[in-house]
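Asks: Numbered by my numbering, the letters in the sequence shown go through residues 15 to 201 in order. Backbone N, C-alpha and C define an ideal beta-carbon position, used for all residues, glycine too. The structure under discussion is supplied below as structure tokens; questions concerning it will follow.
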Amino acid sequence: FSLCLTIVFLLQLAAGVLGFVFSDKARGKVSEIINNAIVHYRDDLDLQNLIDFGQKKFGCCGGISYKDWSLNMYFNCSEDNPSRERCSVPYSCCLPTPNQAVINTMCGQGMQALDYLEASKVIYTNGCIDRLVNWIHSNLFVLGGVALGLAIPQLVGILLSMILVSQIKDQIKLQLYNQQHRADPWY
Numbered sequence: 015f016s017l018c019l020t021i022v023f024l025l026q027l028a029a030g031v032l033g034f035v036f037s038d039k040a041r042g043k044v045s046e047i048i049n050n051a052i053v054h055y056r057d058d059l060d061l062q063n064l065i066d067f068g069q070k071k072f073g074c075c076g077g078i079s080y081k082d083w084s085l086n087m088y089f090n091c092s093e094d095n096p097s098r099e100r101c102s103v104p105y106s107c108c109l110p111t112p113n114q115a116v117i118n119t120m121c122g123q124g125m126q127a128l129d130y131l132e133a134s135k136v137i138y139t140n141g142c143i144d145r146l147v148n149w150i151h152s153n154l155f156v157l158g159g160v161a162l163g164l165a166i167p168q169l170v171g172i173l174l175s176m177i178l179v180s181q182i183k184d185q186i187k188l189q190l191y192n193q194q195h196r197a198d199p200w201y
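Rendered as structure tokens:
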């Protein structure tokens, strides 16, 4: 049991170290995941809700910029796209409007056709990858604390399981010793 706990702990430690060492590759993988999520935005309602939550939470739009929404077949800004959402972005990209009682789900209509400055008056134009990386860097101590909080019980579990194994071995030795000496007629 202690061996299994040790292996799991070492794998987690290695993953954390590799994440820091290969942060550029990790960033590329995150970019790939976000772009893939953009492609499948309308295919899965849970994924759509997750993307909308992330874009609203981090105040961002798309992976690198709001133009990334052209990767999605519904939001693609090409002339041959018959979708009503052509050149648009999801409503979660829109800047919050104060005192707005009802969310305008069409506020991102035609935003990809606008240049960066015009679009930035209505929607978030910065991508979510940079926002996510900045959030991770600004919360590194909190994330480290969470990792340490998860590591301490694992280490205690490893230590306690090793102590238990040692005590079981001692009890076996004591039992064998007692069996040998009870057979002694002089005991």
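Per the contact definition of three or more C-beta pairs closer than 8 Å, is the region 40-49 in contact with the region 140-147?
Replies: Yes, the region 140-147 touches the region 40-49.
Asks: Using the Cα positions of R56 and F36, report the straight-line distance between them to the nearest angstrom.
Replies: Walking along the sequence shown from the start, residue 56 turns up at place 42. Walking along the sequence shown from the start, residue 36 turns up at place 22. Roughly 32 Å separates the two Cα atoms.
Asks: Helix, strand or coil for S84, going by three-state DSSP, please let me know.
Replies: Residue numbering aside, residue 84 sits at position 70 when the sequence shown is read from its first letter. Looking at S84 - three-state DSSP - the assignment turns out to be helix.
Asks: For I52 and G122, what's the separation of their Cα atoms in angstroms?
Replies: Numbered from its first residue, the sequence shown carries residue 52 at position 38. Numbered from its first residue, the sequence shown carries residue 122 at position 108. Answer to the nearest angstrom: the Cα atoms are 15 Å apart.
Asks: Is the region 64-73 close to the region 83-92, with three or more CB pairs under 8 Å?
Replies: No, they do not touch.
Asks: Below 8 Å on the Cβ atoms is my guess for M125 versus I117; work out the distance and round it to an integer in Å.
Replies: To locate residue 125, count along the sequence shown from 1; it is residue 111. To locate residue 117, count along the sequence shown from 1; it is residue 103. Wrong, their Cβ atoms sit about 16 Å apart, outside the cutoff.
Asks: Locate the alpha helix (DSSP H) running through K71, then write down its first and last residues.
Replies: Counted from its first residue, the sequence shown places residue 71 at position 57. From DSSP, the alpha helix (DSSP H) with K71 extends over 59-72.
Asks: Can you have a look at G208 and say buried or exposed, based on whether 16 or more other CB atoms are within 10 angstroms of its CB?
Replies: Because the chain spans 15 through 201 in this model, residue 208 falls outside it and cannot be assessed.
Asks: Can you check whether the CB of T139 is closer than 8 Å to the CB of Y130?
Replies: If you number the sequence shown from 1, residue 130 lands on position 116. If you number the sequence shown from 1, residue 139 lands on position 125. A contact, by the Cβ cut-off of 8 Å.
Asks: Identify the residues that DSSP records as bridge partners of I137: which are they?
Replies: Working through the sequence shown from its first residue, we reach residue 137 at position 123. In DSSP, I137 forms a bridge with C108.
Asks: Can you tell me whether DSSP reads S79 as helix, strand or coil?
Replies: Within the sequence shown, residue 79 is the residue found at index 65, counting from 1. In the structure shown, S79 sits in a strand (DSSP, three-state: E or B).
Asks: Starting from the Cα of V31, find the closest Cα among M176, A161, Q181 and give me that residue.
Replies: Residue mapping note: residue 31 aligns to position 17 of the sequence shown, counting from 1. That would be A161, whose Cα lies nearest to the Cα of V31.
Asks: When you compare the CB positions of T20 and I182, do they come within less than 8 Å of one another, or not?
Replies: Position 6 of the sequence shown holds residue 20. Position 168 of the sequence shown holds residue 182. Not in contact: T20 and I182 (Cβ atoms no closer than 8 Å).
Asks: Cβ atoms of C101 and C75: under 8 Å apart, would you say?
Replies: One-based indexing of the sequence shown puts residue 75 at position 61. One-based indexing of the sequence shown puts residue 101 at position 87. For C75 and C101, no; Cβs fall outside 8 Å.
Asks: Where does C18 sit, in a helix, a strand or coil, going by DSSP?
Replies: The count along the sequence shown starts at 1 and reaches residue 18 at position 4. Helix at C18.
Asks: Look at the Cβ atom of D82, then the Cβ atom of N49, and state whether they are nearer than 8 Å.
Replies: Here residue 82 refers to the residue found at position 68 of the sequence shown. Here residue 49 refers to the residue found at position 35 of the sequence shown. For D82 and N49, yes; Cβs fall inside 8 Å.
Asks: Go through its chain and collect everything with a Cβ distance to D66's Cβ below 8 Å, but skip five positions before and after it.
Replies: If you number the sequence shown from 1, residue 66 lands on position 52. Once the five neighbours on either side are set aside, the close Cβ partners of D66 are P104, Y105, S106.
Asks: Would you mind sorting S79 into buried or exposed? The rule is 16 or more other CB atoms within 10 Å of its CB.
Replies: Locating residue 79 in the sequence shown gives position 65, where the first residue counts as 1. Per the 10 Å Cβ criterion, buried.
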